[in-house]
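Below is one structure, written out as structure tokens; comments come after it.
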Amino acid sequence: MMPSVKISIVVGMTAALGLSACQSVDNAAGRATVYEDVGAPGRVSGVGIESQDIVATSDKMMRDMLANPTLAGAATPPRVILDAAYVNNESMQRINKNLIVDRLRVGLQRAAAGRMIFVSRENAEMVETERELKRAGYVDTATSGLTRAQAGADYRLAGRINSQQGLDRGDGTASRYSQVTFEMIDLESGVIVWTDMYEFKKSAQDDVVYR
Amino acid sequence: MNRYRHRLTGPCALVGLLALGGCAGVQEHEKEASVPAEQMQAYLADKPARARPLYATVLQQGERNAVLNHMRAGLAAFELGDDETAARSFDLALDGIEAVYANNEEAEQARSKFIKENIKDFKGDAYERAMAYYYRGLLYLRRGDYENARASFRGGMIQDSLAEDEEFSQDFALLALLDGWASHCNGDDALAAESFAEARSYRDTLELPNEDHNLLLIAESGKAPVKLATGGYREALEFRRGGGFVAQTTRFGVAERAVSGRLAEDIYWQATTRGGREIDKILAGKAQFKGTSDTVGNGLVAVGALTALSAGNTSGNSGGVALAGAAILMAGMVAKGVAAATTPEADVRYWDNLPDRVHVATLRLDDPPATGTVTFRDPGLRPDTGVDAAIVTAGRCSVMWARSESALEVPPLAPNSSAAAIKSGEKQ
């Protein structure tokens with residue numbers, strides 16, 4: 001082999017080695033919006049309550065409430081208040097409780113088909129304003145007529161969101177147990193007429209560069 | 212023939228070194244992106260004017276520094292009283308902190324010998340993550356959402372659990388105290404008592420709120436802990452105090468009442484008691500590789516040069532000896548090039564508008580006024596400094612928050628967050 005050829009090979013190898021030492025850095029151009037299944041884990045996830053948990057929790061509660069004879073089998077459909085006012089978040093998860101409760105109420109109202117009557121206490125002020133306008137004669141009585149008072153309720157939703165988290169100092173694995181408990185309380189007697197719980201535990205381990 | 216070979220040895224080495232040296236300096240991910248003016252304008256339109264330089268950096272530095280930049284900009288918005296913007300920023304920062312980075316490409320690259328650790332998306336060290344939860348919690352308190360405030364403070368305490376030394380694991384007294392305060396304001400007395408006891412177990416000098424207290428007073432003083440890269444190859448992470456007006460004591464004045472603050476947290480202490488990290492072992496390995504490659508390279512270069520020089524004294528195959536010498540020299544340069552391209556530097560990006568310490572007090576006040584005052588004291592070293600502070604009331608409780616150092620007085624780019632930030636840091 002000619003010396004110049006040998007030297008060219010050395011030059012080539014040197015350059016190749018040198019270049020291979022540099023890995024190209026991919027500055028990704030981003031990713032267009034895609035719709036994802038709300039009932040499935042998303043691309044970005046942690047160990048807390050996520051959309052699939054909200055869907056699963058509200059679905060489970062809804063099925064269970066519909067199977068409860070006191071709530072869904074009474075001769076006179078009971079009036080219920082389903083909002084988050086008495087659902088207490090004691091967990092370490094920041095959450096908008098309405099995400100769970102609204103989904104539960106909407107699903108339940110559609111599936112109950114008249115077996116329960118839903119009373120909105122959140123909007124009581126709005127209703128009161130309209131009632132006053134009607135009674136003062138500023139507006140007419142509309143089509144359904146007047147009632148003596150706003151609807152009272154037989155039962156109201158209460159509940160608690162709780163969690164317990166541990167971190168393994170050895171390998172950085174985070175594990176969180178979450179528990180969502182809902183109850184329907186009799187607004188006269190205080191008796192709990194229905195209760196259900198949804199619980200799950202998730203664990204995950206960050207890449208070592210974050211530990 | 213010899214002259215010919217000598218002529219080629221130089222270019223040969225040059226090509227190799229140029230190729231190797233290309234990745235030793237600024238890497239692609241360390242550059243700011245150019246953002247179209249209209250896009251920037253639209254993004255900044257709803258941001259508070261004085262915090263816009265910090266928000267501009269959010270766009271320019273993209274995902275890699277998104278958590279860091281939202282922490283800085285969010286805190287600036289918080290100080291300006293734009294709680295809605297601040298909350299959005301801290302929510303985004305916490306989303307990044309809480310996301311689990313498994314099978315992440317950038318994280319994998321951060322472990323590579325030839326790519327700097329700072330390619331990874333910033334999530335901050337434990338104390339920075341905990342402080343992001345702290346500010347998000349304060350924002351919830353200022354909105355009267357005590358349950359989510361409590362969740363935030365609890366989330367922050369979890370971040371503090373990773374300390375290598377069990378003694379310093381989850382000992383963030385400030386967060387435990389505020390966890391209790393949020394429960395207290397929410398009427399969850401049993402939970403409040405539990406958290407107050409926990410806070411006291413971390414710091415026995417804390418003064419706990421009375422049952423009828425409804426005003427939380429917070430004074431932050433001093434500047435953020437500074438991260439430094441030390442060691443032979445800047446592979447080790449160290450901290451030093453950031454300086455500024457670090458108050459030894461604080462005094463709150465509200466509606467003609469005065470109360471002393473108690474030290475609730477020393478952020479620098481929290482930063483330094485984290486202990487060793489797993490990534491430190493990787494960086495130490497990179498540094499060792501770099502040192503070994505360099506030493507081997509030096510040896511080969513010396514042997515190669517001597518061999519090539521000795522070719523003239525060789526009576527037989529002097530051309531072969533010279534070529535062998537050139538090849539050894541080249542191998543040595545390749546090894547040195549690899550050493551130069553190895554990047555063991557520790558990631559020293561940090562949240563620079565954090566305080567050094569936090570003092571807290573509580574009071575009972577039936578009708579809190581809109582403002583109060585805080586006096587920061589560092590007796591014998593500086594004159595007292597007094598600042599006015601807004602009192603925000605929502606729900607059952609009120610919050611007054613003040614700082615000795617403004618969160619707005621930081622450069623647009625976080626320290627060491629990009630090539631430009633490093634350059635401007637060197638100039639200072």
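From first to last, the protein sequence lines are chains A and B. Every letter in the first sequence is one number past the one before it in this note's numbering, and letter 123, counting from 1, is 123. Every letter in the second sequence is one number past the one before it in this note's numbering, and letter 197, counting from 1, is 408. Even glycine gets a Cβ: it sits at the ideal position worked out from N, Cα and C.
Report the neighbours of I493(B) on chain A: residues whose CB is nearer than 8 Å to its CB, in chain order.
Mapped onto the second sequence, residue 493(B) falls at position 282. Those within 8 Å of I493(B) in chain A are V208, V209.
Relative to the ligand HEM, is the shortest distance from any of its heavy atoms to the C-beta of S245(B) smaller than 8 Å?
In the structure on display, the ligand HEM does not appear, and there are no ligands present to speak of.
Helix, strand or coil: how does DSSP classify N89(A) here?
As a working note, residue 89(A) is residue 89 in the first sequence. If DSSP states are grouped into helix, strand and coil, N89(A) belongs with the strands.
Quick one: list the residues of chain B neighbouring A204(A), beta-carbon separation under 8 Å, in chain order.
Numbered from its first residue, the first sequence carries residue 204(A) at position 204. By Cβ distance, chain B contributes V311, A313.
Shorter than 9 Å from the beta carbon of G366(B) to some beta carbon of chain A?
As a working mapping, residue 366(B) is identified with position 155 in the second sequence. So, interface residue.
Report the start-end ranges of each beta strand (DSSP E) in the segment 550 to 603 of chain B that is 3 residues or longer and not cut off at the edges.
If we require 3 residues or more, the beta strand (DSSP E) runs fully inside the segment 550 to 603 of chain B come out as 568 to 574, 582 to 588.
What residues in its chain sit with their C-beta under 6 Å from that of Q179(A), if we drop five residues either side in the sequence?
Stepping through the first sequence from its first residue, residue 179(A) is reached at position 179. Here the set comprises N162, E199.
Just verifying my parser: in three-state terms, what is the DSSP assignment at Q179(A)?
Reading the first sequence from its first residue, position 179 is the one you call residue 179(A). Three-state result, Q179(A): strand.
I want to see whether chain B comes within less than 9 Å of R110(A), judged by CB atoms only; does it?
As a first step, residue 110(A) must be located in the first sequence, where it is residue number 110. Not an interface residue.
By the three-class DSSP mapping on this structure, what secondary structure does T416(B) have?
Here residue 416(B) corresponds to residue number 205 of the second sequence, with the count starting at 1. Residue state, collapsed to three classes: coil.
With distances taken Cα to Cα, identify the nearest neighbour of S58(A) among R103(A), V38(A), L82(A), L71(A).
Within the first sequence, residue 58(A) is the residue found at index 58, counting from 1. With distances taken between Cα atoms, S58(A) lies closest to R103(A).
Report the CB separation of A482(B) from D382(B) in whole angstroms; it is logged as a contact under 8 Å.
To locate residue 482(B), count along the second sequence from 1; it is residue 271. To locate residue 382(B), count along the second sequence from 1; it is residue 171. The pair is not a contact, with the Cβ atoms about 13 Å apart (cut-off 8 Å).
Give the secondary structure of F407(B) by DSSP, where H, G and I count as helix, E and B as strand, and everything else as coil.
For this step, residue 407(B) is matched to residue 196 along the second sequence. Residue state, collapsed to three classes: helix.
When you compare the CB of S635(B) with every CB in chain A, is at least one pair closer than 9 Å?
What you label residue 635(B) is simply residue 424 of the second sequence in a count that begins at 1. S635(B) does not count as touching chain A.
Using a Cβ-Cβ distance cut-off of 9 Å, determine whether D399(B) contacts chain A.
As a position in the second sequence, residue 399(B) is number 188, starting the count at 1. True, the Cβ-Cβ gap to chain A drops below 9 Å.
Given a cut-off of 9 Å, decide if V193(A) and N68(A) are closer than it, judged by their beta-carbon atoms.
Numbered from 1 along the first sequence, position 68 holds the residue referred to as residue 68(A). Numbered from 1 along the first sequence, position 193 holds the residue referred to as residue 193(A). Their beta carbons are under 9 Å apart, which means N68(A) touches V193(A) by this criterion.
Taking only beta-carbon positions, decide if R468(B) is within less than 9 Å of chain A.
The residue labelled residue 468(B) in the question sits at position 257 within the second sequence. So, not an interface residue.
Measure the alpha-carbon distance for P420(B) versus G496(B) and round it to whole angstroms.
Along the second sequence, read from residue 1 onward, the residue named residue 420(B) stands at position 209. Along the second sequence, read from residue 1 onward, the residue named residue 496(B) stands at position 285. Straight-line Cα distance between these residues: approximately 49 Å.
By alpha-carbon positions, which one of R115(A), V101(A), G172(A) ends up nearest to D371(B)?
On the second sequence, position 160 is the one that residue 371(B) refers to. Out of R115(A), V101(A), G172(A), G172(A) has the C-alpha closest to the C-alpha of D371(B).
Could you tell me the distance, in whole angstroms, from the CA atom of V470(B) to the CA atom of E125(A)?
Sequence index remark: in the second sequence, residue 470(B) carries index 259 (1-based). Sequence index remark: in the first sequence, residue 125(A) carries index 125 (1-based). Cα to Cα, V470(B) sits roughly 41 Å from E125(A).
Going by C-alpha to C-alpha distance, which of V585(B), L350(B), A343(B) sits closest to M368(B)?
Here residue 368(B) corresponds to residue number 157 of the second sequence, with the count starting at 1. Per the Cα distances, A343(B).
For the putative contact between G531(B) and G515(B), defined by C-beta atoms under 8 Å, what is the C-beta separation to the nearest angstrom?
Indexing the second sequence from 1 puts residue 531(B) at position 320. Indexing the second sequence from 1 puts residue 515(B) at position 304. Contact flag wrong, Cβ pair sits at about 14 Å.
Mind checking whether A384(B) and A458(B) have CB atoms under 9 Å apart?
If you number the second sequence from 1, residue 384(B) lands on position 173. If you number the second sequence from 1, residue 458(B) lands on position 247. Contact: no.
From the DSSP output, in three-state form, read off A401(B) for me.
Against the second sequence, residue 401(B) aligns to sequence position 190. In this structure, A401(B) counts as helix in the three-state DSSP scheme.
Using Cβ-Cβ distances below 9 Å, what residues of the segment 488 to 518 of chain B are close to chain A?
Listed by position, the residues of the segment 488 to 518 of chain B near chain A (Cβ gap below 9 Å) are R488, E489, I490, K492, I493.
Express the C-alpha separation of R79(A) and A613(B) in angstroms, rounding to a whole number.
The residue you call residue 613(B) lines up with position 402 of the second sequence. The residue you call residue 79(A) lines up with position 79 of the first sequence. Each residue's Cα considered, the two are about 49 Å apart.
So, does the segment 263 to 273 of chain B touch the segment 284 to 303 of chain B, judging by three or more C-beta pairs under 8 Å?
Contact holds: three or more Cβ-Cβ distances are below 8 Å.
Quick check on the burial criterion: 16 or more other C-beta atoms within 10 angstroms. Buried or exposed for S504(B)?
By one-based count along the second sequence, residue 504(B) stands at place 293. Buried, by the Cβ-count rule.
Cβ atoms of L417(B) and V571(B): under 9 Å apart, would you say?
The sequence position of residue 571(B) within the second sequence is 360, counting from 1. The sequence position of residue 417(B) within the second sequence is 206, counting from 1. Contact: yes.
Going by the DSSP bridge assignment, what does F463(B) pair with across the sheet?
Locating residue 463(B) in the second sequence gives position 252, where the first residue counts as 1. For F463(B), which the question treats as bridged, DSSP gives the partners V470(B), V585(B).
Closest by CA to A403(B), which one among R414(B), L386(B), D415(B)?
Position 192 of the second sequence, counted from the first residue, corresponds to residue 403(B). The shortest Cα separation from A403(B) among R414(B), L386(B), D415(B) belongs to L386(B).
Suppose the cutoff is 8 Å on Cβ atoms and the five residues either side in sequence are ignored; what does the same chain contact list for P590(B) look like?
The residue labelled residue 590(B) in the question sits at position 379 within the second sequence. Q459, T460.
Applying the 10 Å Cβ sphere with the 16-neighbour rule, what's the burial state of Y312(B)?
To locate residue 312(B), count along the second sequence from 1; it is residue 101. So Y312(B) ends up on the buried side.
Along the chain, where does the alpha helix (DSSP H) containing N260(A) start, and where does it finish?
Nothing about residue 260(A) can be read from this structure; chain A reaches only from 1 to 211.
With L448(B) as the anchor, note down where its beta strand (DSSP E) starts and where it stops.
What you label residue 448(B) is simply residue 237 of the second sequence in a count that begins at 1. First-last of the beta strand (DSSP E) with L448(B): 447 to 451.
What is the DSSP secondary structure of A124(A), counted as helix, strand or coil?
The count along the first sequence starts at 1 and reaches residue 124(A) at position 124. The answer is helix: DSSP assigns A124(A) an H, G or I state.
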